[in-house]
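Novice:
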Amino acid sequence: IVTTTSSAQVIDEEAEAYEKAQRHKRNLIRYIIIALVVGGGVVTAVLLSVRRMISSKSTPAPTMAPTMAPTTISFAMERNLQELLGDSWQEEVMLDPSSPQARALDWLIQEDTLTTFPLGGDGSEEDKEEAQGVFVERFSAVVLAYATDIETSWTDTTNWLDPTLSICEWSGLTCNDEGRLAVMDLAQRNLTGSLPPEIGIFDNLDFLYLFQNQLTGQLPSELGQLDDVDFFHLQQNRFSGSIPDELSGLRDADELYLFDNQLTGTIPTAMGGMVDLLNLYLYNNDLQGPIPTSLGRLKRLQRLYLHDNQLSQQIPSQLSGIVSLTRLQLQHNALTGPVPSELGGFLGLTELQLHGNVGLTGNMPEDICELRPNVFDNDADAIISPDSLQILTADCLTEGSVSCTCCSHCF
């Protein structure tokens, strides 16, 4: 760590103390010489003892501005970090030297040459706040690296953990004009381990791409703090556990991709508050329970892919509130009951897949069948509207399931 002193007064005081110590030593030597003349052999022994004392305490004249001692650096680093993290500071974790957090703090103290104290120097309050944000994100990036096994698993570590470079120069990371992280693209790098809670510190992120890795464990609830993120791609990993309710805090997200994981539990009702969503992909997990009626509040949603889970109960008619929906994939679940006629209100719907739900019953509603291709002239050269329902699937070949005379594919 490079440290600087912002006050000239401190340097003057230290220089004065140094000169005072030198005068004291000169006087002490003068007294010893006098004692030699008077005291003889006894004083000789005293002289040797005093010389050893002087030798052990002597200090060469300073050639540069005084710096903080290593122990002072460590204390200042930890104190600043604890204050800035607030409730996110985990004392027990920090006491474990093998934890990613403790290792990250040790890296900052022992290796980092970029961070200077005091943070922001003599600049304005805005400068200090900016420096504090950069410092905390630097710590969090190092925590992420250690938590996801950068030393043994990553396939691309270019510039990572380089103590001379800003994290903005570490591969896969891009910063905004204030030096805060805006893009994290660590997809397809064979990240292993689990995501640490410090991932939520990057609250200026617009793009989070961690797909196609080997990440495990639960999704940390702190992901919900990334309230500026537009593209949230964590698909094709091995995340387990439930989807945290806190993800509903991603209110600016356009895309939420969690497919191809091992997620369990129910779809959070709070997801109905993510009103900017365009694409919600939760397919190929082990999600259970009903489809939340709250999803009907997602007016901008265009694609809803919930297939290949264990979702049950009836298809909620409230989904008709998704007025922009173009593709709805619910196949291969455990849905039951009749297909709601309200789904025929999707005037822009081009795909509705319902097969693999043998518990669905009754006739395919006429309102849905009317969304099928508009045919002109009733001949083989018929013109099909691109906005029509081109793909409609159901288990219409299975006895006791849906009866459908307008489906494009029967199973």
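End of the sequence shown = 411 in UniProt numbering, gap-free, step of one. Glycine is no exception: its CB is placed at the ideal position from the N, C-alpha and C atoms. Quick caveat: nothing in here was measured; it's all calculated off a predicted structure.
Using CA coordinates, which residue listed in 340, 195, 306, 147 is at the minimum distance from residue 329?
Specialist: Here residue 329 is taken as the residue at index 329 of the sequence shown, counted from 1. Considering only alpha carbons, the answer is 306.
Novice: Return the first residue and the last residue of the beta strand (DSSP E) that residue 338 is part of.
Specialist: Here residue 338 refers to the residue found at position 338 when the sequence shown is read from its first residue. Counting along the chain, the beta strand (DSSP E) containing residue 338 begins and ends at 334 to 338.
Novice: Considering just the uninterrupted stretch of the beta strand (DSSP E) at residue 231, what are its terminal residues?
Specialist: Mapped onto the sequence shown, residue 231 falls at position 231. Element bounds for residue 231: 231 to 233.
Novice: How would you write the range of the alpha helix (DSSP H) that residue 94 sits in, first residue to last?
Specialist: Stepping through the sequence shown from its first residue, residue 94 is reached at position 94. It spans 91 to 94 - the alpha helix (DSSP H) in which residue 94 sits, taken as one unbroken run.
Novice: I need the boundaries of the beta strand (DSSP E) containing residue 263, first residue and last residue.
Specialist: Counted from its first residue, the sequence shown places residue 263 at position 263. Note, residue 263: beta strand (DSSP E), 262 to 264.
Novice: Give the DSSP-derived three-state secondary structure of residue 150 in the structure shown.
Specialist: Along the sequence shown, one-based indexing puts residue 150 at 150. Residue state, collapsed to three classes: coil.
Novice: What residue ranges within the segment 80 to 144 form continuous alpha helix (DSSP H) runs of no fewer than 4 residues, ordered along the chain?
Specialist: Segments of the alpha helix (DSSP H) lying fully in the segment 80 to 144: 91 to 94, 100 to 110.
Novice: In three-state DSSP terms, what is residue 30?
Specialist: Here residue 30 is taken as the residue at index 30 of the sequence shown, counted from 1. Bear in mind that a pLDDT of 48 at residue 30, under 50, signals an unreliable position, so the number given afterwards is only what the model happens to contain. Here residue 30 sits in helix by DSSP.
Novice: According to DSSP, is residue 398 part of a helix, a strand, or is it coil?
Specialist: Taking the first residue of the sequence shown as 1, we reach residue 398 at position 398. Three-state DSSP puts residue 398 in coil, outside helix and strand.
Novice: Would you list the one or two residues that DSSP bridges to residue 227?
Specialist: Numbered from its first residue, the sequence shown carries residue 227 at position 227. In the DSSP output, where bridge partners are listed per residue, residue 227 has none listed.
Novice: When you compare only the Cα positions, how much space is there between residue 128 and residue 113?
Specialist: Counting from one through the sequence shown, the residue named residue 128 turns up at place 128. Counting from one through the sequence shown, the residue named residue 113 turns up at place 113. Whole-angstrom Cα-Cα distance: 18 Å.
Novice: I'd like the list of long-range same chain contacts for residue 62, defined as Cβ closer than 6 Å, with 5 residues on each side in sequence excluded.
Specialist: The residue you call residue 62 lines up with position 62 of the sequence shown. Because residue 62 carries a pLDDT of 48, less than 50, the predicted location of this residue cannot be relied on, and the following value inherits that uncertainty. Cβ within range, chain order: n/a, list empty.
Novice: Drop a sphere of 10 angstroms on the beta-carbon of residue 97, count the other beta-carbons inside from all chains shown, and report buried for 16 or more, exposed for fewer.
Specialist: As a working mapping, residue 97 is identified with position 97 in the sequence shown. By the neighbour-count rule (16 or more Cβ atoms within 10 Å), residue 97 is not buried but exposed.
Novice: Closest to residue 215 by C-alpha separation, out of 106, 244, 189, would be which residue?
Specialist: As a first step, residue 215 is located in the sequence shown; it is residue number 215 there, counting from the start. Here the closest residue by C-alpha is 189.
Novice: Taking the beta strand (DSSP E) that residue 175 belongs to, which residues open and close that run?
Specialist: Sequence index remark: in the sequence shown, residue 175 carries index 175 (1-based). Note, residue 175: beta strand (DSSP E), 173 to 175.
Novice: Let me confirm a value: residue 332 is counted as buried when at least 16 other C-beta atoms fall within 10 Å, else exposed. Which label applies?
Specialist: Here the question's residue 332 lines up with position 332 in the sequence shown. It is buried - the Cβ of residue 332 has at least 16 other Cβ atoms within 10 Å.
Novice: Kindly indicate which three-state DSSP category residue 293 falls into: helix, strand or coil?
Specialist: As a first step, residue 293 is located in the sequence shown; it is residue number 293 there, counting from the start. Residue 293 falls in the helix class under three-state DSSP.
Novice: Roughly how many angstroms separate the alpha carbons of residue 265 and residue 351, rounded to a whole number?
Specialist: Taking the first residue of the sequence shown as 1, we reach residue 265 at position 265. Taking the first residue of the sequence shown as 1, we reach residue 351 at position 351. Distance between the alpha carbons of residue 265 and residue 351: 27 Å.
Novice: Between which two residues does the alpha helix (DSSP H) carrying residue 366 extend?
Specialist: As a working note, residue 366 is residue 366 in the sequence shown. Residues 366 to 369.
Novice: Between which two residues does the beta strand (DSSP E) holding residue 255 run?
Specialist: To locate residue 255, count along the sequence shown from 1; it is residue 255. Taken as a continuous stretch (DSSP letters only), the beta strand (DSSP E) holding residue 255 covers 255 to 257.
Novice: Take the Cβ of residue 339 as the centre, count every other Cβ of all protein chains shown within 10 Å, and call the residue buried at 16 or more, exposed below.
Specialist: The residue given as residue 339 occupies position 339 in the sequence shown. The residue in question, residue 339, is buried, as its Cβ has 16 or more Cβ neighbours within 10 Å.
Novice: Just to check my reading of the structure: residue 263 and residue 243 have Cβ atoms closer than 8 Å, yes? What is that Cβ distance to the nearest angstrom?
Specialist: Reading the sequence shown from its first residue, position 263 is the one you call residue 263. Reading the sequence shown from its first residue, position 243 is the one you call residue 243. Indeed they touch by this definition, with Cβ atoms about 6 Å apart.
Novice: Run the CB neighbour count on residue 409, radius 10 Å, all protein chains shown included, and call it buried at 16 or more, exposed below.
Specialist: Taking the sequence shown and counting its residues from 1, one reaches residue 409 at position 409. So residue 409 counts as exposed.
Novice: Near residue 277, what residues of its chain come up, given a Cβ to Cβ distance below 7 Å and the 5 sequence neighbours on each side ignored?
Specialist: Here residue 277 is taken as the residue at index 277 of the sequence shown, counted from 1. Excluding residues within five positions, the ones whose Cβ falls inside 7 Å are 253, 254, 256, 298, 300, 301.
Novice: Output yes if chain B places a C-beta closer than 8 Å to the C-beta of residue 355; else output no.
Specialist: Note that chain B does not occur in the displayed structure, where there is just one protein chain.
Novice: Classify residue 187 as helix, strand or coil using the three-state DSSP reduction.
Specialist: Taking the sequence shown and counting its residues from 1, one reaches residue 187 at position 187. Coil, per DSSP.
Novice: Given this structure, state the Cα-to-Cα distance separating residue 398 from residue 361, to the nearest angstrom.
Specialist: To locate residue 398, count along the sequence shown from 1; it is residue 398. To locate residue 361, count along the sequence shown from 1; it is residue 361. Near 10 Å, if we compare the C-alpha coordinates of residue 361 and residue 398.
Novice: If contact is defined by three or more beta carbon pairs under 8 Å, each pair taking one atom from either stretch, is the segment 85 to 105 in contact with the segment 131 to 144?
Specialist: With a cut-off of 8 Å, the segment 85 to 105 and the segment 131 to 144 count as touching, because enough Cβ pairs lie within range.
Novice: Report the residue from 152, 205, 259 whose alpha carbon sits nearest the alpha carbon of residue 168.
Specialist: Position 168 of the sequence shown, counted from the first residue, corresponds to residue 168. Among 152, 205, 259, the Cα nearest to that of residue 168 belongs to 205.
Novice: State the Cα-Cα distance for the pair residue 187 and residue 213, rounded to the nearest angstrom.
Specialist: Residue 187 sits at position 187 when you count from the first residue of the sequence shown. Residue 213 sits at position 213 when you count from the first residue of the sequence shown. Whole-angstrom Cα-Cα distance: 7 Å.
Novice: Under a three-way DSSP split, which group does residue 241 fall into?
Specialist: Residue mapping note: residue 241 aligns to position 241 of the sequence shown, counting from 1. Strand, per DSSP.
Novice: Going by beta-carbon coordinates alone, are residue 192 and residue 164 separated by less than 8 Å?
Specialist: Indexing the sequence shown from 1 puts residue 192 at position 192. Indexing the sequence shown from 1 puts residue 164 at position 164. Not in contact: residue 192 and residue 164 (Cβ atoms no closer than 8 Å).
Novice: Cα separation between residue 223 and residue 194?
Specialist: Taking the first residue of the sequence shown as 1, we reach residue 223 at position 223. Taking the first residue of the sequence shown as 1, we reach residue 194 at position 194. Rounded to whole angstroms, residue 223 to residue 194 spans 13 Å at the Cα level.
Novice: Are residue 130 and residue 201 touching if we call contact CB-CB under 8 Å?
Specialist: As a working mapping, residue 130 is identified with position 130 in the sequence shown. As a working mapping, residue 201 is identified with position 201 in the sequence shown. Not in contact: residue 130 and residue 201 (Cβ atoms no closer than 8 Å).
Novice: Going by DSSP, name the residue or residues bridged to residue 328.
Specialist: Against the sequence shown, residue 328 aligns to sequence position 328. Per DSSP, 304, 352.
Novice: In terms of alpha-carbon separation, which member of 111, 156, 176 lies closest to residue 134?
Specialist: Residue numbering aside, residue 134 sits at position 134 when the sequence shown is read from its first letter. If we check each option's Cα against that of residue 134, 176 comes out closest.
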